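With mature numbering (1 follows the signal peptide of the UniProt record, and there is no 0) as the guide, the letters of the sequence shown map in order to residues -19 to -1, 1 to 253.
C-beta atoms are modelled at their ideal positions from N, C-alpha and C, and glycine is treated no differently.
Computed from a predicted structure; not experimentally measured.
The next block holds one structure in the form of structure tokens; read it before the comments.
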Amino acid sequence: MRIGSVLLSLLLLGGCAQARTVTAAGERPVAPHPRFGTPGRFDADLLRFRLAGTQRGAPGPRLPAIPPPRRVDCRQHKCVALTFDDGPAEYTGHVLDLLAAHHARATFFLLGQMVTDETRDFVRRMASEGHEIGNHSWDHASLPGLSPDGLRRELDRTQEAVRKVTGVRMRLMRPPYGATNHTVDNETRQAGLAQIMWAVDTLDWLNRNPAVITQRSAAAKPGDIVLMHDIHATTVQALPRLLDELDRKGFTYVTVSELLGATTPGKKYTNR
């Protein structure tokens, strides 16, 4: 009991620590958020799953404690699926903090080569906090230009990198650049991966302007999949304002699988 209370105290102290502020020239700093939500919206589930992972006999670091699936009826709720590509990277932890503060779940399409000793804790945290993880290839290759064997290696290496860190078998993928063809269709079908595109492209990689990113994202309609990247500081700076705006409009933040339900391997999806 005493060990458990000490762990609880350490987790709470860590949760109250401020996240690193992300700034860019001429931009307002992003306000840090508590690790377990806002003072008025404490998330007991996040604390419970993190605490469970620290107990003796709990799953080791390769198998984070994963919340049970949620049942969200997107016919009754205004659902939107926020997605983040190309990580995990430097800003991913801050993105996770911001999502936690809004009780928001999202989907992260990861590059296999980015899952390293320095970033694997971000991937474990995604899994433990109920976010969905998807395959974005190994190194962001344009898949239609690859041979079937080369394409398969891009997917399989990423599947294995995420499985080793989380125990999760990914069932979704996003083709880099949105580039796909019949060969990609066939290989993703054999790999058991549905192809997830998007309905709202924020173009955050092109226009590094938080106000523009917020405006584009906030234009999402119920059932939309929104494309962003957690590798850009300006996207992280836009996220608090974006979430506040979608909160104001009454949106429920869901993963892609929660939005779409059962998906068909090889098939392409852009929205609900």
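Separation of residue j from residue i, as counted between CA atoms
i	j	result
LEU240	ALA85	13 angstroms
ILE47	ARG134	27 angstroms
TYR250	VAL76	24 angstroms
PHE17	SER128	Confidence is the limiting factor: at PHE17 the pLDDT is only 42, short of 50, which leaves the residue's position unreliable and the question unanswerable from this model.
PHE89	ILE114	5 angstroms
residue 287	GLY231	No answer is possible for residue 287: the residues shown for the chain start at -19 and end at 253.
ASP228	THR236	16 angstroms
VAL143	LEU92	10 angstroms
LYS248	PRO203	21 angstroms
VAL181	ALA160	16 angstroms
GLY242	THR195	27 angstroms
PRO215	LEU223	Residue 215 is actually Thr in this sequence, not Pro. C-alpha separation (whole angstroms): 12 angstroms.
ARG9	ARG101	Residue placement at ARG9 cannot be trusted, given a pLDDT of 43 that sits under 50; what the coordinates show is reported in the next sentence. Approximately 29 angstroms between the Cα atoms of the pair.
GLU168	LEU184	28 angstroms
ASP98	TRP119	16 angstroms
ARG51	HIS83	16 angstroms
ARG170	THR164	10 angstroms
GLY21	PRO221	For GLY21, the pLDDT reaches just 47, beneath the cut-off of 50, and the residue's location in the model is therefore unreliable, although a value from the coordinates is still provided. Approximately 16 angstroms between the Cα atoms of the pair.
MET151	ALA192	33 angstroms
MET209	GLN218	12 angstroms
ASN252	SER123	23 angstroms
ASN190	HIS213	10 angstroms
ALA12	ALA81	Residue placement at ALA12 cannot be trusted, given a pLDDT of 42 that sits under 50; what the coordinates show is reported in the next sentence. Cα to Cα, the separation comes out at about 14 angstroms.
Cβ-Cβ distance between residue i and residue j below 8 angstroms
i	j	result
ASN116	THR139	yes
HIS112	ASP67	no
ASP211	THR73	yes
VAL61	ALA108	no
LEU63	TYR234	yes
residue 256	ARG105	With the chain covering -19 to 253 only, the question about residue 256 has no answer from this structure.
PRO125	VAL96	no
PHE65	ALA87	yes
TRP179	ILE206	yes
THR244	LEU153	yes
ALA175	LEU136	no
Per DSSP, cross-strand counterpart(s) of residue i
i	result
MET154	ASN116 and GLN176
TYR234	VAL61
residue 270	No answer is possible for residue 270: the residues shown for the chain start at -19 and end at 253.
ASP182	LEU208
ASP66	PHE90 and HIS210
Endpoints, the alpha helix (DSSP H) within which residue i is located
i	result
THR216	214 to 229
THR97	Neither: THR97 is in no alpha helix (DSSP H) and is coded neither H nor E.
ASP54	Premise fails: ASP54 is in no alpha helix (DSSP H) and is neither H nor E.
GLY131	129 to 147
HIS75	73 to 82
PRO45	Run containing PRO45: none; DSSP gives neither H nor E here.
THR195	191 to 199
ALA108	101 to 109
CB contact below 8 angstroms: residue i versus chain D
i	result
ALA142	The structure shown contains no chain D; it is built from a single protein chain.
Endpoints, the beta strand (DSSP E) within which residue i is located
i	result
LEU91	88 to 91
Near the ligand MG: residue i beta-carbon under 7 angstroms from a heavy atom
i	result
PRO221	The ligand content of the structure shown is nil, which means the ligand MG is not present either.
Inter-stretch contact (C-beta, 8 angstroms, three-pair minimum) for the region 191 to 200 and the region 50 to 59: Taking a cut-off of 8 angstroms on C-beta distances, the region 191 to 200 does not touch the region 50 to 59, as fewer than three cross pairs fall below it.
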